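Engineer: Residue 339 in the UniProt record's numbering sits at position 339 of the sequence shown; the count goes up by one each step and never skips.
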Amino acid sequence: MLDLHVRQMPVLGEKQNPFAYLDQPEFRKLYSHPQQDFNYLFFAEGLHCSSCVHLLEKLPEFYDRIETARVNFGQSTVTVKLADDGSLAQVAHVIAELGYKPSPLAAQDNLAERYQSENRSFLKRIAVAGFCAGNTMLFVIPVYAGLAGSWATVFNWLSFALFLPILLYSAQPFYKGAWNSLKYKVINVDLPITIAMLSGFALSTANLIRGNGDIYFDSTASFMFFILSARYLLKRVQQNYLSPSRMKSFFQMEKYERVDGGKAAVIPWSSVKSGDVLKLKQGQSLPSDATLMSSHATLDMSLFNGESLPKVFSSGMTLFAGTKVLDDGVLIRMNVTFAESKLGQLLQQLDQGALQKSRFIALTDRLAQYLIITVFSIAVLFFLAYASVDMSEAFNRSLALIVLACPCALAFGSPLTFGLALKKSQRLGILLKDATSLERMLEVKNIFFDKTGTLTEGHLSLSHSEPAIISPRLQARILALEARSYHPLAFALRKAWPHPESLPVVEQAQEILGKGVKGLIDGKLYEIRHLSESTHEDETAIEVICEGQSLCRLYFLDELRADSAQAVQELKKHGMNCFLLSGDKKSRVYQAAAQCGIAKENAHGELFPEDKKEILIRHKNTCMIGDGANDSLSLQAADVGIAVKGSVDLSLNSADVYFTRGGLSPFFDLMQISLQTQNVLKRNLGISLVYNTVGGLLALAGFIDPLMAAILMPISSIIIILSSLWGFR
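(1) Excluding sequence positions up to five away, which residues of its chain have a Cβ less than 8 Å from the Cβ of A492?
(2) Distance, Cα to Cα, K235 vs A362?
(3) Check whether the segment 83-90 touches the segment 118-125, taking contact to mean three or more Cβ pairs, one atom from each stretch, closer than 8 Å.
(4) With DSSP as the reference, please indicate the residues paired to P102 in a beta bridge.
(5) Quick one: any contact between the segment 131-150 and the segment 182-197, if contact means 3 or more CB pairs under 8 Å?
(6) Identify, in the order they occur along the chain, each residue of the same chain with its Cβ nearer than 8 Å to the Cβ of F38, setting aside the five sequence neighbours on each side.
(7) Counting only runs that start and end within the segment 560-612, where is the alpha helix (DSSP H) found for 4 or more residues in a row?
(8) Among the candidates Q676, T205, Y232, whose CA atom is the shortest distance from the CA of S117?
(9) Report yes if the CB atom of V403 is closer than 7 Å to the CB atom of M713, and no otherwise.
(10) Helix, strand or coil: which one does DSSP assign to S534?
(11) With C-beta atoms as the reference, is F43 less than 7 Å away from A129?
(12) In the DSSP assignment, what are the bridge partners of Q549?
(13) Between which two residues does the alpha helix (DSSP H) harbouring V336 extend?
(14) Does D84 come out as helix, strand or coil in the three-state DSSP assignment?
(15) Could you compute how far the alpha carbon of I711 sits from the alpha carbon of M137?
(16) Terminal residues of the continuous alpha helix (DSSP H) containing M671?
(17) Using the Cα positions of L670 and A435, report the straight-line distance between them to the nearest angstrom.
(18) Tell me which residue opens and which closes the beta strand (DSSP E) that K518 is part of.
(19) List the DSSP bridge partners of D289.
(20) Please name the residue, chosen from V444, W497, L208, I521, that lies closest to F668 on a Cα-to-Cα basis.
(21) Cα separation between T540 and Q636?
(22) May I have the straight-line CA-CA distance separating K101 from F73, to the nearest angstrom?
(23) Short check: CB of L700 to CB of L410, under 7 Å?
(24) Excluding the 5 residues preceding and the 5 following N602 in the sequence, name in chain order all residues of the same chain whose CB lies nearer than 8 Å to its CB.
(25) For P104, which of I166, H48, R28 has the nearest alpha-carbon?
(26) Between which two residues does the alpha helix (DSSP H) holding L191 run?
(27) In the DSSP assignment, find the unbroken alpha helix (DSSP H) run with K279 in it and report its ends.
(28) When DSSP builds the beta bridges, which residues end up paired with C623?
(29) By alpha-carbon positions, which one of L164, G211, R210 ends up nearest to A221?
(30) How about E254: is its C-beta nearer than 7 Å to some C-beta of chain D?
(31) In this structure, does DSSP put N505 in helix, strand or coil?
(32) Exposed or buried, what is G99 when buried is set at 16 or more other beta-carbons lying within 10 Å of its beta-carbon?
(33) Alpha carbons only, please: which of G322, A297, F728 is nearest the one belonging to G316?
(34) Could you spell out where the alpha helix (DSSP H) holding Y256 opens and where it closes?
(35) Could you round the C-beta distance between Y175 and T194 to whole angstroms and report it? I think they count as a contact, below 8 Å.
(36) Thinking just about the alpha-carbon of each residue, which of Y590, L681, T77, C132 is nearest to the one in P415?
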């Protein structure tokens, strides 16, 4: 990439800067994003290629109070981390000076409105270009048919007049891009397009004034119309397939019952607003952060705290988006929009960094830059060499080469592919921190599993009892004692034994943390004690006692997931080495490894987090699948860290990937998506290189004229889009 020099821009005073209002305290507060790793977010209208990304990411070099700047190509946004004494107005001024229209975004702002404004502007320019190009072609038909003399001159001057709106209005975005290319010495595709258009206009005007030579108003006007149309097509694909959608994957088909003054109405998730009162059904997820209006509610908080046990909330307490209601008819009042919620802020942060670090995107960006320089150089050299033979033909062939070999498809194909891969991942319950995880997954050879919650279910279930049969009467007494307990054993018992219609009354019930529960039933003292050591080392056991006499013992196991053994065997078939790392007792670890088919020498028990990390460091091309909180060290040490349990926000601090679905099937989905991504990237790169090479040679040979080149250029982009969509069908 050609990038020679950038310099600091002068800081404008309040009167000179049209964005000065942004430095007022109320506006800085409105547009701030304190919960993110950036301060402010801008929508940059006009961002359309890799050179735009490169230029905008150099914002700190134009204004030294900007600490970092990151561009999300898919969303056309720039995230800025600004020093406390920095001027937000100056940031907006710098972005505007670089040729983009800046719009600061608050947390609740909808990008769709910005997209509509940008699209309207695009369509106006296309409409003007289309009208002028169509009529220009009508006026030159008589000239091509042999009309000569004064009438031919009249028609040519009419073509000149019709070209002026394209020159002065439709082509303005290209002028800005070309000027920035020269001003900041960053090569972009707008420069050769602008030079080609202005050259065609200048040469045609000179020939028109002289009354001698060919006129290119029709082909140049058509060229601009097709170029604008192609850019609009790419922009719409960018908005549809690379814009943020992670939040939709959580609430894709969700509908909610809104209660308004006693009237109920069913509305989609997208229509939920701050202040709405909703009545939730059992199993529904909260659409945003809210206040509980019912007297109490039980919620599944596993997405935020990683715990499988539900939590009881009282009226007036704050509930978080994405948590599931376990009761029916729960009333809540929405506090904020989803974008402002805790989950929305997290997903927005993931969206901003999703496509930043991909090696393949960086490669195609460099190739696109080299292609621009190479094509433009060849076109100039060819024109100089062939002009002495036939000036008109030299210009036509050079212009056709510049138009045909536009690198838009090459530069756009990789972000589109990764955007589609991220969307498919989200639909399948896979959250990726960034696109590099997909690239690194293809290099993984050694897979390390945590045991609890990864290969096992992560919660206890009743295995057997002594005696083998527990009478319904005793079951009812045990369930009565555990009725108010949220201990994992209590849930295991309630799941194992259906609730009788009525349970006996427990008086003086008491739960002693870590020891058990006790209470009076029919005047007798019943106790449930946790046994410190089970006779079976791999099991957890409790003893039920009445008036000091043992009635029974119950044994519990964290059972292996149904798909664990099959998953390990499938991975071994693909040449993967599988390991089991756990802090659990070695006997339990060896038993789980044997059940899954993991070699005993690859199973390690009684490990501290630091021990797991050391084992991972000794291996290459590693993937760790474990608990986002307890396994944070090993997840960070692995080439790809995957969290299958734990708080989503804490997990993604240490892991690269988070599974919102249980089991190991998401892992195979992730492997398949990684392979699909690689195949699509290679195919798109091959299509682009073949198209540019073959098309360029045909243009230089005179088989493709500028008008045909202008038609073929968007077709190449359409082929890349279809190739990408087909790859993730």
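Just so it is clear, CB atoms sit at the ideal spot from N, CA and C, and this is done for glycine as well.
Nothing here was measured: the structure is a model prediction, and the numbers come from that model.
Structural biologist: Put simply:
(1) H459, L460, S461, L462, F556
(2) 20 Å
(3) no
(4) A44
(5) no
(6) T68, R70, T79, V80, K81, Q352
(7) 564-573, 586-596
(8) Y232
(9) yes
(10) Per-residue confidence for S534 stands at a pLDDT of 48, beneath the threshold of 50, marking its modelled position as unreliable; no derived number is given.
(11) no
(12) C546
(13) Taken as a continuous stretch (DSSP letters only), V336 belongs to no alpha helix (DSSP H), as it is neither H nor E.
(14) coil
(15) 15 Å
(16) 665-700
(17) 12 Å
(18) 516-521
(19) D289 is not bridged to any residue.
(20) V444
(21) 31 Å
(22) 15 Å
(23) no
(24) N577, C578, F579, L580, A593
(25) R28
(26) 190-210
(27) Premise fails: K279 lies in the beta strand (DSSP E), 277-280, not in any alpha helix (DSSP H).
(28) I447, V640
(29) L164
(30) Of the protein chains in the structure, only one exists, and it is not chain D.
(31) Note that residue 505 is Val in the sequence shown, not Asn. Coil at V505, not helix or strand.
(32) buried
(33) A297
(34) Unbroken run through Y256 is the beta strand (DSSP E), 255-260; no alpha helix (DSSP H).
(35) 6 Å
(36) L681
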